[in-house]
Amino acid sequence: MLHLEWPWVFALLPLPWIIYRFWPAAKQEDAALLVPFFERLPTTGTAVSGPSKTLWLRILMLTLIWLATLTAAARPMWVGDAISMPASGRDLLLSVDISGSMETRDMQWQGEGYDRLSIVKMVVGDFVKRREADRLGLILFGSRAYLQAPLTFDRTTVNQLLQEAQLGFAGEKTAIGDAIGLGVKRLRERPQDSRVMILLTDGANTSGQISPLKAAELAAKAKVKIYTIGVGADEMVTPGLFGSSFGARRINPSADLDESTLKSIAQQTGGIYFRARSPEDLQTIYLQLDKLEPIDQEAEVFRPTQSLFYWALALALGLCAFMFLQRLAQDLWHKLALSENNGPTQTKGEKRHA
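Note that the sequence shown covers residues 1 to 354 in full-length UniProt numbering.
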């Protein structure tokens, strides 16, 4: 469908005629034209009875140029058929802890040890790829919380930003309350039945301007459901002297995990608390989260547009170039005709002397 962005521009269509009709003509002084070679000028034997064909052609060309210029100024564009974007899922905001404690290498995967953040990137990255119908956003938090990716259907970009997250980028401490508060702020404008946050951490709140429980109250009032995940093994063996088993001891690397607070956050907001002690546990948790019932939302509709003004502009410029070249050719032809008529001739009564 053809659409004009500024159709009112065509109100200027009669402007050249108005200027010609009402603008006072320039005063001209009559001057005699001496043509010494008048006898040699060709004559047609007929008188001019009206505007010549050349004049009418010139008027037509100028009219087309003016019409093409106005068409380009009106910004014509082709509007395609309406396309509906999928919007049947939820608004999922992923909050991931990247504090210094996420560097703990207590995750075993295929016989090798990995730090917690590496396993989170692997599992959450797969989760992001599967959520085709959801708007996804990403919050990274440490001592402070940052919105790394706003809610979007672009799962590839969200996953890329997650994979690029670095340990300690947001500080060494953990601001769980700030992460929840930032998420509530971003989800508040979305439909109430689709506001979901998945918060993953391995510690307790040690930083931030708002406590986790206070932030959970705000989330509950805003109808934001929060699923909390505590990640970290219950036991790991620290190497002994020179990396040997001598002096090795077993410790609980998740001693700082505040499970009671995470459970309270989930309970207040209508979510569920999950405990991930291994990569397999984390995978199972996100598979369960995949089963969240989709919420029907109003589909986002857009129409693809293609600008067409450059075609009209090209036509106007092409006609101007044609008129310029035509005038140039006429002037050149007249000069050649005059030069031929001004060549050496013999006048009457002129005699040659030997």
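Where is the CB? At the ideal position from N, CA and C, for every residue including glycine. All of these numbers come straight from a predicted model, not from anything done at the bench.
In the DSSP output, what is residue i paired with across the bridge?
{"i": "S95", "result": "I139 and L199"}
{"i": "G113", "result": "Q108"}
{"i": "Y146", "result": "L140"}
{"i": "V158", "result": "V158 pairs with nothing; no bridge assigned."}
{"i": "residue 359", "result": "No answer is possible for residue 359: it lies beyond the span of the chain, which begins at 1 and ends at 354."}
{"i": "M236", "result": "I251"}
{"i": "T206", "result": "T206 pairs with nothing; no bridge assigned."}
{"i": "T152", "result": "L136"}
Going by DSSP, what residue range makes up the beta strand (DSSP E) through residue i?
{"i": "P279", "result": "P279 -> not in any beta strand (DSSP E); alpha helix (DSSP H) instead, spanning P279 to L289."}
{"i": "W78", "result": "P76 to V79"}
{"i": "F169", "result": "It is not in any beta strand (DSSP E) - F169 carries neither H nor E in the DSSP assignment."}
{"i": "V231", "result": "K225 to V231"}
{"i": "H305", "result": "Here residue 305 turns out to be Thr, not His, going by the sequence shown. From DSSP, the beta strand (DSSP E) with T305 extends over T305 to S307."}
{"i": "R275", "result": "Y273 to A276"}
Using C-beta distances below 6 Å, list every residue in its chain close to residue i, excluding the 5 sequence neighbours before and after it, in chain order.
{"i": "A47", "result": "Caution is warranted here: a pLDDT of 47 is assigned to A47, below 50, making its placement in the model unreliable, and no coordinate value can be reported."}
{"i": "S49", "result": "Residue placement at S49 is flagged as unreliable, the pLDDT there being 48, under the threshold of 50; the coordinate-derived value follows with that caveat. Nothing meets the Cβ criterion."}
{"i": "T44", "result": "In this predicted model, T44 has a pLDDT of only 47, less than 50, meaning its place in the structure is not dependable; the value taken from the coordinates is given anyway. Excluding sequence neighbours, T44 sits near nothing in its chain."}
{"i": "R303", "result": "V79, G80 and A82"}
{"i": "G349", "result": "The predicted position of G349 is uncertain, since its pLDDT is 47 and thus under 50; a value taken from the coordinates is nonetheless stated next. Excluding residues within five positions, none has a Cβ falling inside 6 Å."}
{"i": "N9", "result": "Checking the sequence, you will find Val at residue 9 rather than Asn. Contacts found: L70, A73 and A74."}
{"i": "Q346", "result": "Reliability fails at Q346, whose pLDDT of 49 lies under 50, so the model's placement of it is uncertain and no value is given."}
{"i": "Y310", "result": "none"}
{"i": "S101", "result": "D202 and G203"}
{"i": "F127", "result": "Y286"}
{"i": "A307", "result": "A small correction: the amino acid at residue 307 is Ser; Ala does not occupy that position in the sequence shown. Correct list, in chain order: M77."}
{"i": "H3", "result": "M77 and V79"}
{"i": "L151", "result": "D91, R135 and G137"}
{"i": "G230", "result": "L257, E259, L262 and R275"}
{"i": "R273", "result": "Checking the sequence, you will find Tyr at residue 273 rather than Arg. Excluding sequence neighbours, Y273 sits near T228, L262, K263 and A266."}
{"i": "I119", "result": "M107 and P279"}
{"i": "R277", "result": "A233 and D234"}
{"i": "M1", "result": "V79"}
{"i": "R188", "result": "A222"}
Ordered along the chain, which non-local residues of its own chain (more than five positions away) have a Cβ less than 8 Å from that of residue i?
{"i": "L319", "result": "M61, L64, I65 and A68"}
{"i": "A220", "result": "Q268, T269 and G270"}
{"i": "N205", "result": "T174, A175, I176, G177, S211, P212, D258 and T261"}
{"i": "Y114", "result": "R105, M107, Q108 and P279"}
{"i": "E5", "result": "A74, R75, P76 and M77"}
I'd like the list of long-range same chain contacts for residue i, defined as Cβ closer than 7 Å, with 5 residues on each side in sequence excluded.
{"i": "Q148", "result": "L138, I139, L140 and L161"}
{"i": "S143", "result": "A170, G171, E172, K173, A175 and S207"}
{"i": "E235", "result": "R250 and N252"}
{"i": "E217", "result": "Q268"}
{"i": "P16", "result": "W66"}
{"i": "I313", "result": "One point to set straight first is that residue 313 is Leu, not Ile, in the sequence displayed. Same-chain partners within the cutoff: A72."}
{"i": "A11", "result": "none"}
{"i": "L315", "result": "A68"}
{"i": "N159", "result": "G125, V128 and K129"}
Residue i lies in the alpha helix (DSSP H); which residues open and close that run?
{"i": "S264", "result": "E259 to T269"}
{"i": "A215", "result": "P212 to K221"}
{"i": "W23", "result": "Premise fails: W23 is in no alpha helix (DSSP H) and is neither H nor E."}
{"i": "R186", "result": "I176 to L187"}
*Touching or not, the stretch 181-199 and the stretch 157-167, by the rule of three or more beta carbon pairs under 8 Å?*
no
*asked:* Below 8 Å, how does it come out for the stretch 268-284 and the stretch 128-144: are there three or more Cβ pairs, yes or no?
replied: no
_Sufficient close CB pairs (3 or more, under 8 Å) joining the stretch 208-226 to the stretch 262-278_ = yes
_Three Cβ pairs or more, each shorter than 8 Å: is that satisfied between the stretch 174-192 and the stretch 90-109?_
yes
*Counting pairs of beta carbons, one from the stretch 330-344 and one from the stretch 110-121, are three or more of them closer than 8 Å?*
no
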